Amino acid sequence: MENNLDKYIEVTPGIRSGKPRITGTRITVADVAIMYLRMGHSLEEIAGKYQLSLVSVHIAMAFYYEHRQEIDQQIVDAEAYAEAERLNTPSLLQEKLNAMKKYA
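In my numbering, the protein residues as written are 318 to 421.
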């Protein structure tokens, strides 16, 4: 029997930072893993929400488990980057509230 699993996961430099994703979509394996493992969505819910085949979502999770350490590190790196950006980017709302305090 031929292994056709590779047709469901692709890596393309320049698309989603070259992270493994479901073929023909911008949904990464990490996206599916986060929705399933952290957010508690079923694989059926994920497939339905993003109009994916159930097979592709299951294969994404199989790929995740096969490359767990690497993908978990990608998730940690992305979260650290987002947090650094949040801390280094002023909140426009907070700036407006601070300005209003001057006039109160």
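Glycine included, each C-beta is placed from N, C-alpha and C at the ideal position. Owing to the predicted nature of the structure, the values given are computational and were not obtained by experimental measurement.
Express the C-alpha separation of residue j and residue i in angstroms, rounding to a whole number.
i: E327; j: S408; result: 37 Å
i: K418; j: T406; result: 21 Å
i: L410; j: E383; result: 43 Å
i: Q386; j: A397; result: 16 Å
i: M356; j: V349; result: 10 Å
Cβ atoms of residue j and residue i: under 9 Å apart, would you say?
i: P337; j: I392; result: no
i: S373; j: I339; result: yes
i: I344; j: L369; result: yes
i: T329; j: Y367; result: no
Is any non-hydrogen atom of the ligand MG found closer than 8 Å to the C-beta of residue i, if you look at the structure I gave you?
i: N405; result: With respect to small molecules bound, the structure shown includes none, and the ligand MG cannot be examined in it.
Cα-Cα, which of the options is closest to residue i?
i: V346; options: Q411, L414, I376, A395; result: I376
i: Y353; options: E402, S373, M378; result: M378
i: Y325; options: Y381, E362, K366; result: Y381
Taking the alpha helix (DSSP H) that residue i belongs to, which residues open and close that run?
i: Q368; result: No alpha helix (DSSP H) contains Q368, which DSSP labels as neither H nor E.
i: Y398; result: 385-405
i: K418; result: 409-420
i: D348; result: 346-350
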